[in-house]
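Position in the first sequence (first residue = 1) + 35 = the numbering used here.
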Amino acid sequence: MTAPRVRFAPSPTGYLHIGGARTALFNWLYARRHGGTFVLRIEDTDRERSTQVAVEAILEGMRWLGLDWDEGPGVGGPHGPYFQTERLDVYRAHADRLVREGKAYACYCGKEELDVLRKQAEGEKRQFRYPGTCRGKPYDPSRRHVIRLVVPETGATSFDDLVKGTISTPHDTLQDEVILRGDGMPLYNFGAVVDDVTMEINLVARGDDHVNNTARQILIYQALGYPVPAFAHLPMILGADRTRLSKRHGATNLMSYRDMGFMPQALVNYLVRLGWSHGDQEIFTLQELVELFDWKQVGATAGVFNPDKLLWVNHQWLRALSDDELAARALPHFTAAGLPAADDQKLRLIVRQLRERAKSFVEIVQQARCYYAPIQLDEKARSKHLTAEARPLLKAVRDGVAGMEAMELPALERLFAEVAAAAGLGLGKVAQPARVALTGGTASPGIHDVVQILGKAETLARLDAALALIG
RNA sequence: GGCCCCUUAGUCUAGCGGUUAGGACGUCGCCCUCUCACGGCGAAGACAUGGGUUCAAUUCCCGUAGGGGUCACCA
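(1) Can you give me the C-alpha to C-alpha distance between R76 and T208, rounded to a whole angstrom?
(2) Return the CA-CA distance between M271 and E360, expressed in angstroms with no decimal places.
(3) Considering only the beta carbon of each residue, do G310 and G338 sit closer than 8 Å?
(4) Can you check which of these residues, T494, L222, P427, is closest to R122 by C-alpha distance?
(5) Hey, T37 and N237 are a contact pair by Cβ (cut 8 Å); roughly how many whole angstroms apart?
(6) Going by DSSP, what residues sit across from S142 in a beta bridge?
(7) What residue range does the beta strand (DSSP E) around P445 cover?
(8) Shortest alpha-carbon distance to G13 belongs to which of A128, T320, T278?
(9) Nearest to P468 by alpha carbon, out of R449, L502, M439, E440?
(10) Going by the CB atoms, is the gap between V432 and V454 shorter than 8 Å?
(11) Along the beta strand (DSSP E) that carries I202, what are the first and last residues, could you check?
(12) The alpha helix (DSSP H) with I482 in it runs from where to where?
(13) By the three-class DSSP mapping on this structure, what secondary structure does D105 have?
(14) Once the 5 residues before and after A44 are set aside, which same chain residues still bring their CB inside 6 Å of it?
(15) Would you kindly work out how many angstroms separate the C-alpha atoms of V246 and G55, rounded to a whole number?
(16) Closer than 6 Å by C-beta to R507: which residues in its own chain qualify, once you throw out the five before and the five after it? Chain order, please.
(17) Considering just the uninterrupted stretch of the alpha helix (DSSP H) at F118, what are its terminal residues?
(18) Apart from the five residues just before and just after L412, which ones in its own chain have a Cβ nearer than 6 Å to its Cβ?
(19) When you compare the segment 343-350 with the segment 295-305, are there three or more beta-carbon pairs, one atom per stretch, that lie closer than 8 Å?
(20) Return the first residue and the last residue of the alpha helix (DSSP H) that V90 is part of.
(21) I need the straight-line Cα distance from E590 to L51, nearest angstrom please.
(22) Smallest Cα separation from E493: which of Y406, L184, K430?
(23) Compute the beta-carbon to beta-carbon distance between G109 and M290, rounded to the nearest angstrom, for a pair I have assumed lies under 8 Å.
(24) Tell me the start and end of each unbroken beta strand (DSSP E) in the segment 292-364 that is at least 3 residues and wholly inside, in chain order.
(25) Considering only residues of the same chain and omitting the five flanking positions on each side of G274, which have a CB-CB separation below 6 Å?
(26) Count the other C-beta atoms from every protein chain shown that fall within 10 angstroms of the C-beta of N341, then say buried if there are 16 or more, exposed otherwise.
(27) Does DSSP put H21 in a helix, a strand or coil?
(28) Is A130 closer than 8 Å to I182 when the C-beta atoms are compared?
The structure is reproduced here in structure tokens:
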């Protein structure tokens, strides 16, 4: 088989969203799997909505996920330019040829008059189709016009989708489509086809909201006399209510997941499993995915985005990190939260304890807050554990710690055990009050670890404060 | 509404004519235990529905219902 050339062609009208990221990922995986080429093309012909900021945001998202492109913005390539607005002459040339060959024609109908017809059809509960008024009219470049493709009225166009199987579209549901606007801008279907042809794309993989465009595009390929590529339409990602994923369902901006403390590997892992599978395996590295990816395993059904599962996947990735890596990656989130953490031994002790307890960097920060800021004493925890009965126990722990040189785990374990034994109580009777005094709450890593993280001075200070509080 | 696509537990999925319908997230219970996690064990929970085809349908075909997508001088 010839090496695949695939592309991801976002329009820069906003940030890179979850769905787009998955489309890009599948394309990238396919290209890498077969030693093909992954092209990034920016479809910015909607001048109203396209922005440079959005272009940057999309590139940033791609880089964050680790999806590098072989041709496109920044890297160039032999089929450039890769911004559609820089390719207007290409579309014009192709459109002119179609007009010359009688496969397309200039249409002088105003938008307003067509809207009237549209309304009328709507009123009669009729399907509106452009009536072909300008078919056969002579070409007059001096009048403002659009270019329409001559679409057959009978028959049907079908294709074999790599994920959905054979899909057929009757021509009577189509119309003489506009391929070039009055201002010379190509319409989506035309621009995409001309670019895919000139960029030698041989497999088009995109969201299945494009299924209905495919027949129209195939008609354009045929009018142009070019080979039709293969198609793969990926099912949509839905929200919990099974409607198209949107802001209402939570964050759809890929990069906001970075800010929420997710690892890019986790997003890739989760996104690929939403619609693709390899037996019972849940966790995949990018390398594994490159080796295993296959359209055959891509499901045809839309999937609901499940934040809980994403969090679980993220946890799997997080806990697999070494202490050093985990600390380094978590640090920016501490800083963002305004906590004075540094990449030091203390941070490493903290992340070592929190890797099993926190599923994201943000959760790590939440759970580690008490080691960098004054404790926020939970009232229920205080009334239950910082009691008169607990006072002598805390005092004993305090004095024990005061008498120790360094905060070594074995010594701390001995201390807490001795205090409990001396009082004839279980370890919990000592540990819980101490935990509340030291962290402000009832949930934390092992009490010895907490003391070690806090260090001698801070431990004593917090214990004294608790003692004073009890009175 | 027309057209197109989809349909295994709450969710993601395995399955590709004969299985006690498997795994994962989540939920619940028990164990471990200084709390919380982690881990271990266990439980509840699915083939939308009606017809065919077949010795045999979750699996193949058709209808119905439900869901999604799309019907622009947007992409």
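C-beta atoms are modelled at their ideal positions from N, C-alpha and C, and glycine is treated no differently.
Answer, in terms of the structure:
(1) Here residue 76 refers to the residue found at position 41 when the first sequence is read from its first residue. Here residue 208 refers to the residue found at position 173 when the first sequence is read from its first residue. For R76 and T208, the distance between alpha carbons rounds to 30 Å.
(2) Start at 1 with the first residue of the first sequence, and residue 271 comes out as number 236. Start at 1 with the first residue of the first sequence, and residue 360 comes out as number 325. Taking the straight line from one Cα to the other gives about 34 Å.
(3) Residue 310 sits at position 275 when you count from the first residue of the first sequence. Residue 338 sits at position 303 when you count from the first residue of the first sequence. The beta carbons of G310 and G338 sit closer together than 8 Å.
(4) Here the question's residue 122 lines up with position 87 in the first sequence. Ranking the options by Cα distance to R122, first place goes to L222.
(5) Position 2 of the first sequence, counted from the start, is the residue given in the question as residue 37. Position 202 of the first sequence, counted from the start, is the residue given in the question as residue 237. Contact holds; Cβ gap of about 7 Å.
(6) Start at 1 with the first residue of the first sequence, and residue 142 comes out as number 107. Going by the sequence as given, residue 142 is Cys instead of Ser. Answer is V181, bridged to C142.
(7) Within the first sequence, numbered from 1, the residue matching residue 445 stands at position 410. Residue range 444-458 is occupied by the alpha helix (DSSP H) that includes P445, with no beta strand (DSSP E) assigned at that position.
(8) Nothing can be reported for residue 13, as the shown portion of the chain is limited to 36 through 506.
(9) Against the first sequence, residue 468 aligns to sequence position 433. Comparing Cα-Cα distances from P468 to each of R449, L502, M439, E440, the minimum goes to L502.
(10) Here residue 454 refers to the residue found at position 419 when the first sequence is read from its first residue. Here residue 432 refers to the residue found at position 397 when the first sequence is read from its first residue. Yes, they are a contact pair.
(11) Position 167 of the first sequence, counted from the first residue, corresponds to residue 202. Looking at the DSSP string, the run of the beta strand (DSSP E) that includes I202 is 200-205.
(12) Position 447 of the first sequence, counted from the first residue, corresponds to residue 482. According to the DSSP assignment, I482 belongs to the alpha helix (DSSP H) that extends over 482-505.
(13) The residue given as residue 105 occupies position 70 in the first sequence. Coil.
(14) For the purposes of this step, residue 44 is taken as residue 9 along the first sequence, with counting starting at 1. Cβ within range, chain order: R76, E78.
(15) Along the first sequence, one-based indexing puts residue 246 at 211. Along the first sequence, one-based indexing puts residue 55 at 20. If I take the Cα positions, the gap works out to 16 Å.
(16) The first residue shown for the chain is 36 and the last is 506, placing residue 507 beyond what the model contains.
(17) For the purposes of this step, residue 118 is taken as the residue at position 83 of the first sequence. Here F118 belongs to no alpha helix (DSSP H), and DSSP marks it neither H nor E.
(18) Counting from one through the first sequence, the residue named residue 412 turns up at place 377. Cβ neighbours of L412 beyond the five flanking positions: G475.
(19) yes
(20) As a working mapping, residue 90 is identified with position 55 in the first sequence. Per DSSP, V90 belongs to the alpha helix (DSSP H) from 87-100.
(21) Only positions 36 to 506 of the chain appear in the structure, and residue 590 is not among them; the question remains open.
(22) To locate residue 493, count along the first sequence from 1; it is residue 458. Closest by alpha carbon: Y406.
(23) Your numbering for residue 109 matches position 74 in the first sequence. Your numbering for residue 290 matches position 255 in the first sequence. With 8 Å as the limit, G109 and M290 do not qualify as a contact, their Cβ atoms being about 18 Å apart.
(24) The qualifying runs do not exist here; there are none.
(25) The sequence position of residue 274 within the first sequence is 239, counting from 1. Correct list, in chain order: L280, H284.
(26) To locate residue 341, count along the first sequence from 1; it is residue 306. N341 should be labelled exposed.
(27) Residue 21 is absent from the model: the chain starts at 36 and stops at 506.
(28) Taking the first residue of the first sequence as 1, we reach residue 182 at position 147. Taking the first residue of the first sequence as 1, we reach residue 130 at position 95. Result yes, Cβ atoms of I182 and A130 sit closer than 8 Å.
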